[in-house]
Every structure is written in C-alpha cells, then in structure tokens.
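Taking it in order: structure first as structure tokens, then the write-up.
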Amino acid sequence: MKIYLDVIWLLNFCFDALLLLLTAFILKRHVKKRRLIGGAFIGSSIVLLMFTPFSPIVEHPAGKLAFSVVIVMATFGFKRFRYFFQNLFSFYFATFLMGGGIIGAHSLLQSHSVVRNGVMITNQTGFGDPISWLFIVAGFPALWFFSKRRIDDIETKNIQYEERVSVQADLGGQTLHVRGLIDSGNQLYDPLTKTPVMIIYIDKLEPIFGAAETMIIRNTDPLEAIEQLDDSFRFLDKMRLIPYRGVGQQNQFLLCIKPDHVTIMTKEEMVSADKCLIGISTTKLSADGEFDAIIHPKMLSGKAIKHVS
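This note's numbering puts the first residue of the sequence shown at -9, with every later residue one more than the last.
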C-alpha cells in the first residue's frame, strides 16, 4: 500500500486548523492567524513523527495528551490555569464532536478511508478512489460548518431562555403583563435623567391606551403623534420623546411613557424597577412571539422585594 505522506500531512494540517477555529468559536476567543497556523502545524507534525523512531511516543496516550497541551498553548497561550483548561477541554470537545461525525458519516456512506492511530488515510491505491477523497475533503468542512451553526443556534436559544422574565407594569390604575427579554445590548437612556428605557410592543398597550390613540401612535411619526394626541388622552402628561440613533440611521425619536410602577419577576426574585420609561415599538420584537418586551439590564439593579425560594 502506498502512502503519500505529504498529502496526508496537508489534510491533517487543514483539519487541525479547523478544529482550532471551532474551539475558538465555542469559547469566543480571538486567535491570531500566526498562532492558529503554528498550532495546526504542531498538531499535524504527529503524522511525520509516526514514521520516525519517535513513533511509540506519539502513539502513546500520554504522548497524545502532551501534544494536545502544546497545541493549545501555542494557539491560545497561557494566562491562568482556568483559562488553559477551558481551552484544552473545549479542544477535546471539538475533536470528539468532529470525530464522531466523521465516523458516523463514514459508516453511513461506507467510504474507503480509514483512521489509523488517529490519522485519516485511504487504503486503495495511495490516493484512494475519487469518492473517498471527496468524502474526506468535502465532508470534514461540511460537518465543521454544520457543527458551528448548531452551536450558534443552541447558544442563541440559551441566552433567550436564561434571560427571559415576566414584567408587570401599572399605568393609571391598570395593569399590564408582558414577557420580557433582558438584552445587554439595550443601552437606551433618557439623556437628561439617565432613566433606563424598556421597549414594549404597542399591541400590548392598546387595552390601556385605547384603539384610537393606538392607531395614531402606530401610523404616525413620534413627533406628529404627540401633536395629534389631544387632552382627552389621559396619559398625555406622562409621554416623553427620547432621542436615539439606530444602526446606519440618523437621529430619531422614540415615544415613551412613564409608568407608575414596574415589577420584574426573574427565576430568583421580584425586583421593583419604578425608575424607568416604557418605549413604544410599532414593530414586533419577536418574530415567533416568545417575548413582547426588551428589558434594560439596568432595571434589574432595582430593589428586590421578594426572593424566590
């Protein structure tokens, strides 16, 4: 059986680079290109050492562990032990994730490639048949992108579910109940009073505002809405205009209302967040209807009125 060492080394170099990229993605680490290339080169050098007298060392579990430590150190550096072990364990997680996927796809498609001592080679004529090489070259990156997307989706869902709260707002003797999402990216304040602003979809406010007033707010510019709302609107003295700037947009205004009382219920406690404004959004905040409000994180620093046991 012919073994084309240069081709096998190049494949493993690319695979190690992808594994390190996936590890960096999982940990949200920024890795310099030269460190990534260095780590991948060290990882792929095990292929070359397997054809030298050092083969028993690199094939031993302790040798493989030592190589992993060097790869992680070369790629991510060392700041403290906790940082190092996070990198090392995440690298193994990415390796097991990709390795399990490759083995599963290999069994499903019955490719002619084999894994020998942790190195993927072909067992046909040295280069293998076109199908086996297509599986190796295209299958690994495809599985890498699939894993990356799934990890990204899981992370997004976890953020939403972990930071979801129930909100109760009192306005003029009426109570509003909404499902809120705490968004660390929401840094909207009243520039004069530094009051944090939470955002609520206007449909949730219609029972309190009334159909006519809701229609005005929904269909007109905030500045025009303030002018069109007459004295019959009992919340007129509580309305505020807050300037803000959206991404790629010029300065705009957000129509807000000052609530009488706001209570936020998390999994651990109930928080009184009276010092806040409610910004009125005329577009849905969640496409799937999982939340109706975006909560300013500063509002959680209010007084805890009850702890959940």
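For each residue, glycine too, the CB sits at the ideal point set by N, CA and C.
When the alpha-carbon of D160 is set against those of A132, D180 and F199, the nearest one is in F199. Taking the C-beta atoms as reference points, E153 is found nearer than 8 Å to I172. Counting of Cβ neighbours within 10 angstroms places D221 among the exposed residues, the total staying below 16. Excluding five sequence positions before and after I268, the CB atoms of its chain that fall closer than 7 Å to its own CB belong to A159, M188, I190, C246, I247 and P249, given in chain order. E203 counts as buried, since at least 16 other C-beta atoms from the protein chains shown sit within 10 angstroms of its C-beta. Inside the stretch 247 to 285, DSSP marks whole beta strand (DSSP E) runs of 3 or more residues at positions 251 to 255, 259 to 262, 267 to 271 and 283 to 285, from first to last along the chain.
Taken in chain order, the unbroken stretches of alpha helix (DSSP H) that lie wholly in the stretch 19 to 50 and span 4 residues or more are 23 to 39 and 45 to 49. Within the same chain, I198 come within 6 Å of Q164 by CB-CB distance, once the 5 residues on both sides are set aside. In this structure, the alpha-carbon of R208 lies about 60 Å from that of L0. Listed in chain order, the non-local C-beta contacts of F57 below 8 Å within the same chain comprise I32, G33, I36 and V48, local neighbours out to five positions each way being set aside.
Here G175 is exposed. Its C-beta has fewer than 16 other C-beta atoms within 10 Å. Note that the stretch 67 to 77 does not touch the stretch 38 to 47; fewer than 3 beta-carbon pairs, one per stretch, sit closer than 8 Å. The beta-bridge partner set that DSSP reports for R169 consists of S156. The three-state reading of DSSP puts F136 in helix, counting H, G and I together. When rounded, the separation of the alpha-carbon atoms in K257 and S156 is 9 Å. Taking all protein chains in view, the Cβ of A277 is surrounded by fewer than 16 other Cβ atoms within 10 Å, so the residue is classified as exposed. Taking 8 Å as the cut-off, the beta carbon of L12 is found closer than this to the beta carbon of A84. M255 and N2 have their C-alpha atoms roughly 51 Å apart. Scanning R224, K138, P212 and I284 for the CA closest to the CA of K194 turns up I284.
Within the DSSP bridge table, the entry for P233 names F243 as partners. Counting only the Cα atoms, D180 lies some 16 Å from P212. About 25 Å separates the Cβ atoms of L219 and H286, ruling out a contact at the 8 Å cut-off.
A check of alpha carbon separations from L275 across F243, G170, V21 and A201 identifies G170 as the nearest. When DSSP reads this structure, Y191 sits in a beta bridge with S271. The closest CA to that of L78, considering only A201, L17 and A263, is found on L17. Within the same chain, N77, L78 and F81 come within 6 Å of V62 by CB-CB distance, once the 5 residues on both sides are set aside. Taking C-alpha positions only, D227 is separated from P186 by approximately 19 Å.
In the structure shown, P197 falls within a helical segment according to DSSP collapsed to helix, strand and coil.
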